[in-house]
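A.B. asks: For the sequence shown, my numbering gives the first residue as 30, with consecutive numbering after it. Ideal Cβ placement from N, Cα and C applies to all residues, glycine included. Could you have a look at this structure, given as structure tokens, before my questions?
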Amino acid sequence: MRKKIVAGNWKMNLDYNEGLSVFSEVINMINDEVTGTQEAVVCSPFIHIHSLVQLAKGQNRISLGAQNAHQAESGAYTGEISAKMIKSVGAAYVILGHSERRQYFGENNELLAKKTDTVLANDLKPIFCIGETLQEREANTHFDIIKSQLVEGVFHLDTTQFSKLVIAYEPVWAIGTGVTASSDQAQEIHAFIRKEIAAKYNQTVADNTTILYGGSCNPKNAAELFAQPDIDGGLIGGASLKSRDFTDIVKAFN
Ligand code: PGA
Numbered sequence: 030m031r032k033k034i035v036a037g038n039w040k041m042n043l044d045y046n047e048g049l050s051v052f053s054e055v056i057n058m059i060n061d062e063v064t065g066t067q068e069a070v071v072c073s074p075f076i077h078i079h080s081l082v083q084l085a086k087g088q089n090r091i092s093l094g095a096q097n098a099h100q101a102e103s104g105a106y107t108g109e110i111s112a113k114m115i116k117s118v119g120a121a122y123v124i125l126g127h128s129e130r131r132q133y134f135g136e137n138n139e140l141l142a143k144k145t146d147t148v149l150a151n152d153l154k155p156i157f158c159i160g161e162t163l164q165e166r167e168a169n170t171h172f173d174i175i176k177s178q179l180v181e182g183v184f185h186l187d188t189t190q191f192s193k194l195v196i197a198y199e200p201v202w203a204i205g206t207g208v209t210a211s212s213d214q215a216q217e218i219h220a221f222i223r224k225e226i227a228a229k230y231n232q233t234v235a236d237n238t239t240i241l242y243g244g245s246c247n248p249k250n251a252a253e254l255f256a257q258p259d260i261d262g263g264l265i266g267g268a269s270l271k272s273r274d275f276t277d278i279v280k281a282f283n
């Protein structure tokens, strides 16, 4: 059975103390209220990760992640953070290919394929984001776009490597806009992604791949989205900054 995951993406929000206090509240609420086997992942800015890992010691349902990693192992890349560094502070996951990285930092599928290799080589699990823009959906090219993001970004991996991935479908038009994909729209794409994984690898790999939905997911719409057969959780931006909202989304699986 594939894992159910609710991952928070704090983006460039919360200073050090604010982050610690939101995360402490999340730990307490999850311990008190979450009854299922779902995993909560918090992808914070780099500066928080080490301290959050210390706070999460002994919590087997809560993991930490980063929001990006450089493709090189190390070297003269001023201002960058390597996968090895992220691993060394105890994170388990790294978000790769978020649409904001693609849009504002020019990250393309070719670069993301390299980043995926480096993250996996450092024994971290990529949360690999794919999704179409509004223009691409309106032009009816969304299936082609998603397929090419998979083929060029991650389908070079062998079966063992691919099995470590989490995929996140995030329609760009739904991110931070308050417009959520309907559960039918999201399910349609998730089923398509799973079918492509089965065609490239095999049905078992496809059935075991966790596919998250992201884009204006909130405590009100999470349960309906997560009830879809191919939606295995969420990647949560804005709502992950509030401990109450984030925990309520995690609880959508209770
Ligand atoms: P949002 O962001 O929940 O604020 O729409 C989701 C994401 O970008 O991962």
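For a test of the three-state rule: what should DSSP assign to L179, helix, strand or coil?
C.D. replies: Position 150 of the sequence shown holds residue 179. DSSP places L179 in helix when its eight states are reduced to three.
A.B. asks: In the DSSP assignment, find the beta strand (DSSP E) that holds G263 and state where it starts and stops.
C.D. replies: For the purposes of this step, residue 263 is identified with residue 234 of the sequence shown, where counting begins at 1. Looking at the DSSP string, the run of the beta strand (DSSP E) that includes G263 is 262-265.
A.B. asks: Checking 8 Å against the spacing of the C-beta atoms, do L43 and S80 come in under that value?
C.D. replies: Residue numbering aside, residue 43 sits at position 14 when the sequence shown is read from its first letter. Residue numbering aside, residue 80 sits at position 51 when the sequence shown is read from its first letter. The answer is no: Cβ separation not under 8 Å.
A.B. asks: Could you check if E129 is buried or exposed, using at least 16 other CB atoms within 10 Å of its CB as the buried criterion?
C.D. replies: Position 100 of the sequence shown, counted from the first residue, corresponds to residue 129. Buried is the call here.
A.B. asks: Find out if the Cβ-Cβ distance for the pair L270, L241 is shorter than 8 Å.
C.D. replies: Your numbering for residue 270 matches position 241 in the sequence shown. Your numbering for residue 241 matches position 212 in the sequence shown. Cβ distance not < 8 Å, so L270 and L241 don't count as in contact.
A.B. asks: Report the partner residues of C158 according to the DSSP bridge assignment.
C.D. replies: By 1-based counting over the sequence shown, the position of residue 158 is 129. Beta-bridge pairing links C158 to A197.
A.B. asks: Between which two residues does the beta strand (DSSP E) carrying N38 extend?
C.D. replies: Taking the sequence shown and counting its residues from 1, the one referred to as residue 38 is at position 9. First-last of the beta strand (DSSP E) with N38: 34-38.
A.B. asks: Quick check: does the Cβ of H219 come within less than 7 Å of any heavy atom belonging to the ligand SAM?
C.D. replies: The model depicted lacks the ligand SAM and carries the ligand PGA instead.
A.B. asks: So, does the region 113-120 touch the region 192-205, judging by three or more C-beta pairs under 8 Å?
C.D. replies: no
A.B. asks: Given a threshold of 16 other Cβ atoms within 10 Å of its Cβ, counted over all protein chains shown, does G244 qualify as buried or as exposed?
C.D. replies: For the purposes of this step, residue 244 is taken as the residue at position 215 of the sequence shown. Counting Cβ neighbours within 10 Å, G244 comes out buried, since at least 16 surround it.
A.B. asks: Please state whether DSSP places L93 in a helix, a strand or coil.
C.D. replies: Your numbering for residue 93 matches position 64 in the sequence shown. Strand at L93.
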